[in-house]
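Heads up: the sequence shown begins at 1 in UniProt numbering, then just goes up one per residue.
For glycine and all other residues, C-beta sits at the position ideal for the given N, C-alpha and C.
Structure first, then comments.
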Amino acid sequence: MDFTTGGRLEVRITPDDVGKRVSVRLITGEREPAPTFTDVVGVLTSWTEGSLCITRRTGEAVRIAESSLVAGKVVPAAPARRRGPAATAPELDRVSARAWPPLVSEPLGEWTLRASGGFTRRANSVLPLGDPGMALDEALRRVTDWYAARELTAYIQVSTGAEGTQELLAAELETRGWTREVSARIRIAALAPIGDLDVDTSAVTLSSRLDDAWLARYQRSSGEPSPEARTVLSGGPSVWFATVPGQEGDAPAAIGRCVVDGRWAGFTAVEVAPERRRQGLAKAVMTALARKALDEGASAAYLQVETDNDGAHALYEGMGFTVHHSYHHWRPSGHDVR
């Protein structure tokens, strides 16, 4: 990356560039015969008292001493389009929220507070797309009070890594002692290639109704599924459940869920019995659901995978899904997780 003008390294950023995407080079140590450097790219989230903070697309905050900077410049926002369909982060965050609807929601300015009796963080967290309509400290007080009234931990779902994401909010939460946990990546792909996979889908059955057999394989339903779980899973514009039967009397060998919303098909809860893995069942479920979504007019696909789920990332990478952006759940430090 070129940081030079007339062959000289230059620092071309200032504290006025907070909130912009930047690339910097900093000195990391002295080695003979020359010093060593490293580059950092991300959103400049603060620059105070001789220290910078840059938030990478993964959500990692990197703190840099101003004295170590040897070069820096503002760079274009990370392009939203890769090999998959064009999309903005707010669009994907909104469509994925509609595919996992809460039981209760309430606006706070342009933020949305969501609660579902504690069933998943996604359905029990704030979606902060825009301005809460008040000072941040007051908004956070309202948030914690709202969740406390429902005997829930307050979570805020914060996206990073694309144009229109919330790196500045993440930095503000960190300075106020909030803790980041459970990060995930949103991946996108064109839908038609998934539906066109040469995969045997004859064992996959599709239904628009959630049944007990499907829930018997769903990993978040240990014991009797809660009413909240059933309601969230059944919600969305057009919901389809895929099942591959297991042996007689056993839970299904594989399941999946897809929500069709305009051009988007959102895949969730793709699970395979441990003893049936590496037999192509996940691809069969995805392909059958993709074909149904194509029939309903969808053309683009997305899914959300927790960052540390390496096996799922490898599977979806092989099916053409690329990372669009990440999101993270932040909670106030010291609050019990319910």
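Should residue 181 go down as buried or exposed, given a rule of 16 or more other Cβ atoms within 10 Å for buried? exposed
Start and end of the alpha helix (DSSP H) containing residue 147? 136-148
Just verifying my parser: in three-state terms, what is the DSSP assignment at residue 49? coil
Counting along the chain, where does the beta strand (DSSP E) carrying residue 261 start and finish? 254-261
Using a threshold of 8 Å, state whether the C-beta atoms of residue 275 and residue 255 are closer than that. Cβ atoms of residue 275 and residue 255: not closer than 8 Å.
Any 3 or more C-beta pairs closer than 8 Å across the region 296-311 and the region 184-197: yes
Jot down the residue ranges of each uninterrupted beta strand (DSSP E) in the region 119-204, minimum 3 residues, whole runs only, in chain order. 156-160, 178-190
Relative to the C-alpha of residue 143, which residue among 159, 120, 114, 168 is closest? 114
Secondary structure at residue 316, three-state DSSP: helix, strand or coil? helix
Measure from the alpha carbon of residue 229 to the alpha carbon of each residue in 210, 288, 148, then state which is nearest. 210
Per DSSP, what kind of secondary structure is residue 226 in: helix, strand or coil? Looking at residue 226 - three-state DSSP - the assignment turns out to be coil, as it is neither helix nor strand.
Residue 192 and residue 294: beta carbons closer than 8 Å? yes
Own chain, CB closer than 6 Å to residue 117, minus 5 neighbours either side, in chain order: Contacts found: 228.
Classify residue 75 as helix, strand or coil using the three-state DSSP reduction. coil
Do residue 282 and residue 315 have their beta-carbon atoms positioned less than 8 Å apart in this structure? yes
Short Cβ contact (8 Å threshold) for residue 40 with residue 75: no
By the 10 Å Cβ neighbour count, where 16 or more other Cβ atoms means buried, how is residue 219 classified, buried or exposed? exposed
Am I right that residue 199 and residue 242 are in contact with their C-beta atoms under 8 Å? What's the rounded C-beta distance? 12 Å between Cβ atoms; not a contact.
According to DSSP, simplified to helix, strand and coil, what is residue 339? Because the chain is modelled from 1 through 338, residue 339 falls outside the range shown and cannot be assessed.
Once DSSP output is grouped into helix, strand and coil, what is the label at residue 271? strand
In this structure, what does DSSP give as the bridge partners for residue 214? Its beta-bridge partners do not exist; DSSP assigns none.
If I follow the unbroken beta strand (DSSP E) through residue 88, where does it start and stop? Element bounds for residue 88: n/a, residue is neither H nor E.
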